[in-house]
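The next block holds one structure in the form of structure tokens; read it before the comments.
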Amino acid sequence: MRSRRLTPKRFFATLLLLLACLAASLLLALAVGSARLSPSAMLAAVFGQGEPEETSTILWQVRLPRALLAALAGAALSCAGTAFQAVLRNPLADPYILGISGGAALGAISSSLSGVDRGGMGWLARPLCAFAGAGLTVLAILALSRWRGVVASTSMLLIGWVFNSFFLAMILFLETAVDFAKVRGAIFWLVGTLAPESYAVLAGIGVAVASGAGVLWLFARELDLICAGEETARHLGCDVQRTRLVGILAASLITAAVVSFCGLIGFVGLIVPHSARYLFGPDHRLLLPASALLGAAGLVVADTLSRTLLAPTEIPVGVLTVLIGGPAFVLLYRRHRAEVSLE
Amino acid sequence: MNESLSMELVRFGYPSRPLFCDLSLVLPGGEFVGVLGPNGAGKTTLLKLLSGTERPQSGAVLAGGRALRDLPARERARLLAVVPQESHVLFPFSVLEVVLMGRFPHLGILGMERSGDERRALECLAEVGMDQAAGRALNTLSSGERQRVLIARALAQEPRILLLDEPTTFLDLKHQLRIYEILSKLNRERRLSILTISHDLNLAARYCRQLWLLQDGRLLARGAPEEVLTPELIRLAYGADVEVARDPRFGTPFIIPYPFQEAGGAS
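Sequence order for the protein chains is X and C.
Sequential numbering from 1043 applies to the first sequence in our numbering.
Sequential numbering from 3 applies to the second sequence in our numbering.
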């Protein structure tokens, strides 16, 4: 049991350990795939000597960008889930379950169907529209589940579920109405898919995720206080309104950044924060970065599995996370039932 | 420093029911006040106004001579701490972690507690006799233990004023006494100003130095326990017949209630 405060020593030791896990998962993702690369061939490719051109292309243009995208997506969704669970005071909150990812996907799709993304803003248009979609969804959920000043967690889950179904139907409807051939594109949004992206796009996502996560971390202590109750947080000197607004905006931003490029990868934001909390405790100053690293490593491994389990066929990684996440949700619901139906 | 907490001509009410009309009150520094009154008299609302959770529709709440609403949140938390009636903490925070939350208004820019903060938190836990439980998860404690931890968290804020909303409601006899003993000690030794809502007239009479009797948003009486706890005032406030005896050991008023005999008077 943690009978001590969070010390810098425990903080850095935990993060170092998780960084090592992430590094190991990235190595695994680089090594495993339809083309089997021996460690020596990989080493040769890394140092750029005497290797076949093909090995180098597979490593640098296919596997690494995809693994990095998986890491970014895992980190972002886990961070967002952790933050949403605190600011919404709902242990079962997750960007996917609450329809926030769905809102982001609908925003992203609207941008490409309306042609905004071929306008002056370039590739930034899609994530910006996704951000608007995610942010509006959270605010709507919060407004709808607040009744007489009290936010009811169960209503929130219900409303989120309805939002999610509605957004998914809208996505299918829009894609079909505009061009039936695009239904395959709609499927991309409905089941999250990871594909190698250019390093420029990866850097863009990375900046969005890092800044969102960084802002969340600055408010980590405030998130702890909100877990102790809204009124209590206020009495302890926390500006609850501002924390909630900043938390929602930052978490929506990182959700949108991921959804714009990967579609809907579900339940990562639920399972990872709970695992991290179990392993490292609920203090958000450690929990946020720990969830991010654990989520990054976790999704890299999940993506590697999705590429290899039924090789040469690929399972979309979003299918895999929901297959694992669904049962996990049921277990977590049983454990947190008292809290969820409390208010 | 002026450590009083006061209300001046406060008007406050809910749409369905006006409650306070130009109410003025002072909690002087170092005082130990018990707020009594029947259900719906406005005790909890009074506490919410004094703690800044609710804002008066007119009039002002002053803390240390300054308007409470103008105090920055952290500064207010260093001056004034609130112990809620019950508090549910999401996720398994340990007792020490919960008490360390009380150090938030004192944290520096980095937002990390130092060893001094931990020592302070453990001292506060020792003060309420809960230092042995520092590593346990708050949600595994009994309500009496949890209430003591919440008091320790309030103490960790190092406030000058402590407000409590019926801290003994869910507690058994032993723990009720224990909480009041702790409050009384803090009031005597640290000159901490305390205002607590209470439903237990006898405990309040024994430990509080001053009692405020509220009814329908009005201050019916205020003064030393023997001045406030008279059969007439209690009948007026609670609509109950009582006999006021004397506590044989402490000499404070002791209330023995009887069923209300006459028609009318009850609210």
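A virtual CB, placed ideally from N, CA and C, is assigned to each residue, including glycine.
Mind checking if residue i is an interface residue toward chain X, Cβ cutoff 7 Å exclusive?
i        : result
MET103/C : yes
VAL151/C : no
LEU92/C  : yes
PHE106/C : yes
THR55/C  : yes
LEU197/C : no
ARG76/C  : yes
SER89/C  : yes
VAL84/C  : yes
PHE95/C  : yes
PRO20/C  : no
GLU5/C   : no
ALA65/C  : no
GLU160/C : no
ALA69/C  : no
Using beta carbons (cut-off 7 Å, strictly below), is residue i in contact with chain C?
i         : result
HIS1277/X : yes
CYS1121/X : no
GLY1315/X : The residue asked about is misnamed: residue 1315/X is Pro in this sequence, not Gly. So no, PRO1315/X is outside the interface.
CYS1171/X : no
GLY1271/X : yes
ARG1379/X : no
LEU1258/X : no
ARG1052/X : no
PRO1331/X : no
LEU1267/X : yes
THR1274/X : yes
PRO1324/X : yes
Return the CA-CA distance between residue i and residue j, expressed in angstroms with no decimal places.
i         : j         : result
GLY1234/X : ILE1313/X : 16 Å
LEU1347/X : ALA1135/X : 26 Å
LEU1140/X : ALA1146/X : 12 Å
ILE196/C  : ALA83/C   : 10 Å
MET3/C    : ILE163/C  : Confidence in MET3/C is poor, its pLDDT being 49 and thus under 50, which makes the residue's placement too unreliable to answer from.
SER18/C   : TYR182/C  : 35 Å
GLY1164/X : VAL1243/X : 12 Å
LEU231/C  : TRP214/C  : 10 Å
HIS1316/X : ARG1131/X : 14 Å
CYS1171/X : HIS1326/X : 29 Å
ARG78/C   : ALA1055/X : 36 Å
LEU1459/X : VAL1158/X : One cannot answer for residue 1459/X here, as it falls past the ends of chain X, which runs 1043 to 1385.
ARG1319/X : VAL12/C   : 45 Å
VAL1300/X : LEU1111/X : 9 Å
VAL1282/X : GLU1272/X : 7 Å
ILE1290/X : ALA1062/X : 30 Å
ALA268/C  : GLN217/C  : At ALA268/C, the pLDDT of 46 sits below 50, so the modelled position is not reliable; the number obtained from the coordinates is stated separately. Rounded to the nearest angstrom, the two C-alpha atoms are 12 Å apart.
VAL1389/X : LEU1184/X : Because chain X in this structure spans residues 1043 to 1385, residue 1389/X falls outside the shown range and cannot be described.
I'd like to know whether the C-beta atoms of residue i and residue j end up nearer to each other than 7 Å.
i         : j         : result
VAL1364/X : PHE1309/X : yes
GLY1175/X : LEU1148/X : yes
THR254/C  : ALA206/C  : no
LEU1060/X : LEU1336/X : yes
THR1274/X : SER89/C   : yes
LEU98/C   : ALA136/C  : yes
GLY1116/X : LEU1341/X : yes
ALA1065/X : ALA1109/X : no
ILE1142/X : ILE1213/X : no
ILE1268/X : ALA1128/X : yes
VAL1359/X : ALA1338/X : no
SER1076/X : ALA1353/X : yes
VAL130/C  : ILE184/C  : yes
PRO1331/X : LEU1057/X : yes
GLU5/C    : GLY36/C   : no
Based on the DSSP secondary-structure assignment, which residues constitute the bridge partners of residue i?
i         : result
ALA139/C  : SER96/C
THR198/C  : GLY36/C and LEU166/C
PRO259/C  : VAL244/C
TRP214/C  : VAL37/C and ARG224/C
VAL1158/X : Looking at the DSSP assignment, VAL1158/X forms no beta bridge with any residue, so it has no partner.
PHE14/C   : PHE22/C
TRP1189/X : VAL1192/X
SER60/C   : ARG13/C
LEU27/C   : MET9/C
Is there at least one Cβ from chain D nearer than 7 Å to residue i's Cβ?
i        : result
GLY113/C : Of the protein chains in this structure, namely X and C, none is chain D.
Of the residues that make up the stretch 1276-1310 of chain X, which ones have a beta carbon closer than 8 Å to any beta carbon in chain C? ARG1276, HIS1277, LEU1278, GLY1279, CYS1280 and ASP1281
Could you name the residues of the stretch 222-253 of chain C whose beta carbon sits closer than 7 Å to any beta carbon of chain X, in the order they occur along the chain? none
Residues within the stretch 1108-1138 of chain X neighbouring chain C, beta-carbon criterion of under 9 Å: GLN1127, ALA1128, ARG1131, ASN1132 and PRO1133
Residues of the stretch 1184-1210 of chain X whose Cβ lies closer than 7 Å to any Cβ of chain C, in chain order: none
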